[in-house]
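Structure first, commentary second.
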């Protein structure tokens, strides 16, 4: 490192420290501080064997620069965000900004080569038995009685090959601060959908600053030291998975409870002819909804109440155990394996049974009914039916052009391109504006 480079690097660190001393607090990044102690040792400048290229001292400091920058560049990041990255920190609603597809392709520097995971395409309209119940592919519907039903049996206008996964607008709302829900009123019937996770694809992402920073650290190590690693290109995971809920129950005003144990979920609620929906309650991580006009809704966020998912964590009753575990059924593959003495699945089924017992106590206390009442459940699904198959087809409402309401998140992004650009913007900010400055060309040394 020549004297000019040393001076520039020292000034950059001084700016970072000055930012950290600013009276306006920067976002807390406990995961990043913890990650500092978990980084593997840097490789030697002259690795043994052959004429390998040296990394150079500036390049090997990349991870440290990012760690320090994440502690004090919150304001700088806000100013550096690209137009395609929609930041809802202080905004109640946004409209998506279209980003040209080529904008994030073939970046000039491998440190900016982020990629977004997309779900694998599988045969539509199928369901598969898994360790934790049925997994439904797109077009197959989870039903109250476990019957095999297709979307085409319920609604017209659904086309999985042409389904638009982008809404027109996002509006945010606060999840409940207290561990409770509106109590069902006299005459209302409680019906509920409980999934391991939703599986419908959308291009809406809910991610945190800490999640983006952690992904950048993981990707940076791979880009510098093992570019063939599967960690190369890592981005924060927070895609919202769509679940179409077809409500056909006409036995009374429906109090609808929508639950997912993992992932972020966007519930698209369709109301059948003659159906009254009195209220919608959601339990999960980041929850979003397209509700019928005039229907009130609320949400509880699992992470807000410190739920423990460890083995034997729920043997003792807890006042707020809202993680929506499902009760193991005899047809679950995991239950069958446990019955044959497989210790691993015995432990898994024990966790699900104890988790469901604790959840059931909370659910019954708050809503006044057992959580198995009016239940439609599956390990994974993009569609769920609440009530019988209707005598006439409902009209299917796609996500395109809709306004969705989502529980507040640090960053809500519309479009996979926007997610990549958010990572690139933070990487550039952490590098002081020019990623190339911390990844100079490799010099070949003759031996």
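Numbering (my numbering), first residue to last: 155 to 601.
No residue lacks a Cβ here, since even glycine has one placed at the ideal position from N, Cα and C.
Just so you know, these numbers come straight off a predicted model, no measurement behind them.
Within a 10 Å sphere around the beta-carbon of residue 424 sit 16 or more other beta-carbons, which makes this residue buried.
For residue 398, the enclosing beta strand (DSSP E) starts and ends at 394 to 401. Contact between residue 449 and residue 431 is confirmed by a C-beta separation of about 5 angstroms, below the 8 angstroms threshold.
The beta-bridge partner set that DSSP reports for residue 443 consists of 421 and 559.
The beta carbon of residue 480 sits closer than 6 angstroms to the beta carbons of 348 and 531 from its chain, once the five residues preceding and following it are set aside; these are given in chain order. If you look at residue 346, you'll find it in the beta strand (DSSP E) that goes 343 to 352. The alpha carbon of residue 528 has as its nearest neighbour, out of 398, 344, 384 and 331, the alpha carbon of 344.
With respect to residue 502, residue 322 sits apart: the two C-beta atoms are not nearer than 8 angstroms. Residue 386 is bridged by DSSP to nothing; it lacks a bridge partner. Remark: C-beta atoms of residue 278 and residue 293 approach each other more closely than 8 angstroms.
By the Cβ-count criterion, residue 332 is exposed, with fewer than 16 other Cβ atoms from all chains shown falling within 10 Å of its own Cβ. CA-to-CA, the gap between residue 484 and residue 376 works out to about 44 angstroms.
Distance from residue 581 to residue 266 at the Cβ level is roughly 6 angstroms; contact confirmed, criterion being Cβ atoms closer than 8 angstroms. A Cβ-Cβ contact shorter than 8 angstroms links residue 408 with residue 429. Excluding its 5 nearest sequence neighbours in each direction, residue 312 has C-beta neighbours in its own chain below 6 angstroms: 305 and 550, listed in chain order. Per DSSP, the beta bridge partners of residue 431 are 408.
Selection 494, 288 and 315 evaluated against residue 538 yields 288 as nearest (Cα-Cα).
Judged by DSSP secondary structure, residue 567 falls within the beta strand (DSSP E) whose first and last residues are 565 to 568. Contact check for residue 370 against residue 558 fails: the beta carbons are separated by 8 angstroms or more. Under DSSP, the beta-bridge partners assigned to residue 455 are 438. Three or more beta-carbon pairs drawn from the region 390 to 404 and the region 356 to 372 are found closer than 8 angstroms, and the two stretches are therefore classed as touching. Beta-bridge pairing by DSSP links residue 529 to 346.
When DSSP states are grouped into helix, strand and coil, residue 287 belongs to the strand group. With a 10 Å radius around the Cβ and a threshold of 16 neighbouring Cβ atoms, residue 519 comes out exposed. Apart from the 5 residues on each side of it in sequence, residue 417 sits with its Cβ closer than 7 angstroms to the Cβ of 351, 352, 395 and 439 in its chain, given in chain order. The distance from the Cβ of residue 437 to that of residue 413 is about 4 angstroms, consistent with a contact at the 8 angstroms cut-off. Inclusion of residue 427 and residue 546 in the CB contact set at 8 angstroms is warranted, their separation being smaller than that value. Residue 290 sits close to residue 535, with the two beta carbons spaced by under 8 angstroms. When the alpha-carbon of residue 457 is set against those of 562, 488, 366 and 357, the nearest one is in 562.
Annotated three-state conformation of residue 374 is helix, per DSSP.
Minimum Cα-Cα distance from residue 491 among the listed residues 285, 566 and 525 corresponds to 285.
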